[in-house]
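Have a look at the structure below before the remarks.
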Amino acid sequence: MWVITHALTGMALGAVLGQRGAPVWAVVAAALLLHVLLDMVPHWDYVRTRHRVIWSLGDVGATAALLIWAATLGDASWAVLLAGAVSALPDLDVLDALWSGERRTRIFPSHWSGFPHGSAPPVPGTVVQAAVWVASVLLMWNAGW
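The numbers in this note's numbering rise by one with no breaks, and the one at position 135 of the sequence shown is 162.
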């Protein structure tokens, strides 16, 4: 999944867990588990495309802008910000795929070569992520953020 997708779903999770008074450790654990689960869903990743550096700059830039907006103007709770950042951060594990043919050892479990990582062609894989974005925004809205 794209970084922005992980951030949005993490933020939605944080909105729900924060509303229920979950402790920090539970928010972090749930956000990491959510990343793993989403990586199993068939989706399109741009890391093997010709314009992968441009895609990644846009994706990471949009994610940073979203989290900065949520923290400053959006008045997001600590749980929303923490879960959004924690859910997105494991994708730093695959940055080396952007500039070299050499793959290094992956730290995050859903990035390991034997993990059942979901894959789909560009159009349906992007539609899946867009649907996840909409669901995440609706969850945040319903949770009061």
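We put the CB at the ideal spot given by N, CA and C, even for glycine.
As the structure is a prediction and not an experimental result, all values here were calculated from the model.
Non-local C-beta neighbours of residue 167 in its own chain, meaning closer than 7 Å and more than five positions away in sequence, comprise 38, 39, 42, ordered along the chain.
Taking 8 Å as the cut-off, the beta carbon of residue 62 is found closer than this to the beta carbon of residue 33. When rounded, the separation of the alpha-carbon atoms in residue 133 and residue 28 is 16 Å. Looking from the CA of residue 121, the closest CA among 104, 79, 148 belongs to 79.
In this structure, residue 87 keeps its C-beta atom at 8 Å or more from the C-beta atom of residue 97.
Counting along the chain, no alpha helix (DSSP H) covers residue 172, and no H or E run does either. Pairing residue 85 with residue 91, the inter-Cα distance amounts to about 10 Å. For the alpha helix (DSSP H) assignment, the uninterrupted runs of no fewer than 4 residues enclosed by the segment 31-88 are, from N- to C-terminal side, 51-67.
DSSP places residue 153 in the helix class (H, G or I) of the three-state scheme.
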